[in-house]
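**Student:** Got a structure here, written out as structure tokens. Questions coming.
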Amino acid sequence: MANATSASYLPPPPTCNLTPRPSLIPGVSDHVLGTVLPTLVYIIASGFFYWLSEQGSLSQYRIHPSEEELKRNHVSRSQCLRVVVRYHVMQVATGLLLSYGEGPELTGSHSCDVYRWAVRVRHAQKAVPWAFALVGIDAKGLALTTYSKNAVLVQLLAGNSKAISESNPAQAMGFTASELLLAEFMVSYAGQAAQFLVALSVVDTWIYFTHRLCHVNKTLYRVVHAQHHQLYVSYAYGAVYGHWLESIFLDILSFVMANAIAGLSARQSMVFGSLATIKTISDHCGYVFPLDPFRYVNNNGARFHDLHHQTWGLKNNFSTYTVFWDNLLGTTWTDKAGAAARYSRVHEQTKRRAEKAL
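Residue numbers (UniProt numbering): 1 to 358.
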């Protein structure tokens, strides 16, 4: 009986007819585009930083002098490029395999999604009178006395009570503007933001702990992860340079899990994968720009990750996207003065070796 009474104060649900979503590029499915796009972004972004390095532009923002790359790295650029190409072949192949047989995504459920959230909002409002009652305020009585002043406030205070609805029968015919506005916000913005946050949390957590394990376990470091650290002076297109096992189980697997757990659509996956690729390129680009947007989100930027690539920073700064786990577990390098002194000493040593070689 209670359910029937509650249902009588809800409008009937809309009819939603699902239809295939047209692809962004005619003839190319969104699943395929979402698989290939991060690789295209990688090529464009790393190509830009390669051009910047070759031009010698903005050298004042470089972390390391250009001569350090030749003196300190243990792998040539051509060797690095071959490994990076292999990584992207594996990444694209994995994406195509997982999306094989997937039809186009369906669209047309927006009004039904908004309806479901509007129902949740209406039910949630029932808790408002109880919350006021805890501090001795009769919210429903207050709503009745202020009925003609602010309809939205009355609706909230009354918790959509039957008394208020009966005094205004039109209210029972549909949702209020505030309910629909909040429901629309949840569907179009908050819900999607939550999905991206979940995906980011999955990737960041997986990479932090697997990355840290590769440094704690000497065998894993020697056999697998040491290859990535052959680049003491990192550069943009070497961002994913590493052992093939690391490429699969640390990088590619983390994004497969993130997409599945967060329930990202093909287009959401395009955005998430592309932004993550740009962040990875930025971390390894070797430049610290004053207006780097990633540094304003958190302190995990090019300087943060470059410190991890130094022999004296290997046990710090394991995170790739945020500083949450590093800060929580005490692995963030916090001695800025010590880092500056070590960088200066390395720069001087490299400079002296270069002068002796002349």
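Just so you know, even glycine gets a beta-carbon here, dropped at the ideal spot from N, CA and C.
Spatial neighbours of N17 within its chain, please: C-beta separation below 6 Å, excluding the five flanking residues on both sides.
**Tutor:** Position 17 of the sequence shown, counted from the first residue, corresponds to residue 17. G108.
**Student:** Work out the CA separation of S188 and V128 for me, nearest whole Å.
**Tutor:** Within the sequence shown, numbered from 1, the residue matching residue 128 stands at position 128. Within the sequence shown, numbered from 1, the residue matching residue 188 stands at position 188. Roughly 25 Å between the two C-alpha positions.
**Student:** Cutting at 7 Å between CB atoms, please list the residues of its own chain near T303, excluding the five before and the five after it.
**Tutor:** As a working note, residue 303 is residue 303 in the sequence shown. One detail in the question is off: residue 303 reads as Arg in this sequence, not Thr. Within the same chain, R303 has close Cβ partners I63, V288.
**Student:** Should T334 be labelled buried (16 or more other beta-carbon atoms within 10 Å of its own) or exposed?
**Tutor:** Start at 1 with the first residue of the sequence shown, and residue 334 comes out as number 334. Result: exposed.
**Student:** For D251, which of S265, A226, I261, T277 has the nearest alpha-carbon?
**Tutor:** Start at 1 with the first residue of the sequence shown, and residue 251 comes out as number 251. Checking every option, the nearest Cα to that of D251 belongs to T277.
**Student:** Straight-line CA distance for Y115 to Q192?
**Tutor:** The residue labelled residue 115 in the question sits at position 115 within the sequence shown. The residue labelled residue 192 in the question sits at position 192 within the sequence shown. Rounded to the nearest angstrom, the gap between the Cα atoms of Y115 and Q192 is 17 Å.
**Student:** Per DSSP, what kind of secondary structure is N298 in: helix, strand or coil?
**Tutor:** In the sequence shown, counting from the first residue as 1, residue 298 sits at position 298. The answer is coil: DSSP assigns N298 none of H, G, I, E or B.
**Student:** May I have the straight-line CA-CA distance separating L264 from A190, to the nearest angstrom?
**Tutor:** To locate residue 264, count along the sequence shown from 1; it is residue 264. To locate residue 190, count along the sequence shown from 1; it is residue 190. Looking at the two C-alpha atoms, the distance is approximately 14 Å.
**Student:** For M173, I'd like the list of residues in its chain whose CB is within less than 8 Å of its CB, leaving aside the five on either flank, ordered along the chain.
**Tutor:** In the sequence shown, the residue the question calls residue 173 occupies position 173. Residue placement at M173 is poorly supported in this model, since its pLDDT is 47, which falls under 50; the coordinates still yield a value, given next. Cβ within range, chain order: P11.
**Student:** Since H284 and G242 are thought to touch, with beta carbons under 8 Å apart, how far apart are those beta carbons, to the nearest angstrom?
**Tutor:** On the sequence shown, residue 284 is found 284 positions in, with the first residue counted as 1. On the sequence shown, residue 242 is found 242 positions in, with the first residue counted as 1. So it is not a contact: roughly 11 Å between Cβ atoms.
**Student:** Across which residues does DSSP place R62 in a beta bridge pair?
**Tutor:** Working through the sequence shown from its first residue, we reach residue 62 at position 62. According to DSSP, R62 bridges with Y287.
**Student:** In angstroms, rounded to a whole number, what distance separates the CA positions of S165 and F175?
**Tutor:** Position 165 of the sequence shown holds residue 165. Position 175 of the sequence shown holds residue 175. Confidence is the limiting factor: at S165 the pLDDT is only 47, short of 50, which leaves the residue's position unreliable and the question unanswerable from this model.
**Student:** Let me know the secondary structure DSSP gives L24 once reduced to three states.
**Tutor:** For the purposes of this step, residue 24 is identified with residue 24 of the sequence shown, where counting begins at 1. Coil.
**Student:** Kindly indicate which residue of V297, A131, V233 has the alpha-carbon position closest to the one of E343.
**Tutor:** Residue 343 sits at position 343 when you count from the first residue of the sequence shown. Reading off the sequence shown, one finds Tyr at residue 343, where the question assumed Glu. That would be V233, whose Cα lies nearest to the Cα of Y343.
**Student:** Per the DSSP calculation, L106 is bridged to which residue(s)?
**Tutor:** To locate residue 106, count along the sequence shown from 1; it is residue 106. Bridge partners of L106: P20.
**Student:** Give me, in chain order, the residues of the same chain whose beta-carbon lies closer than 8 Å to that of H229; leave out the 5 immediate sequence neighbours on both sides.
**Tutor:** Here residue 229 corresponds to residue number 229 of the sequence shown, with the count starting at 1. Excluding sequence neighbours, H229 sits near H309, L314.
**Student:** Assuming G286 and Y235 are in contact, meaning their beta carbons sit under 8 Å apart, how far apart are those beta carbons, in whole angstroms?
**Tutor:** On the sequence shown, position 286 is the one that residue 286 refers to. On the sequence shown, position 235 is the one that residue 235 refers to. With a Cβ gap of about 5 Å, G286 and Y235 count as contacting.
**Student:** Going by CA-CA distance only, name the one from A262, M257, V223 that's closest to W244.
**Tutor:** As a position in the sequence shown, residue 244 is number 244, starting the count at 1. Nearest option by C-alpha distance: V223.
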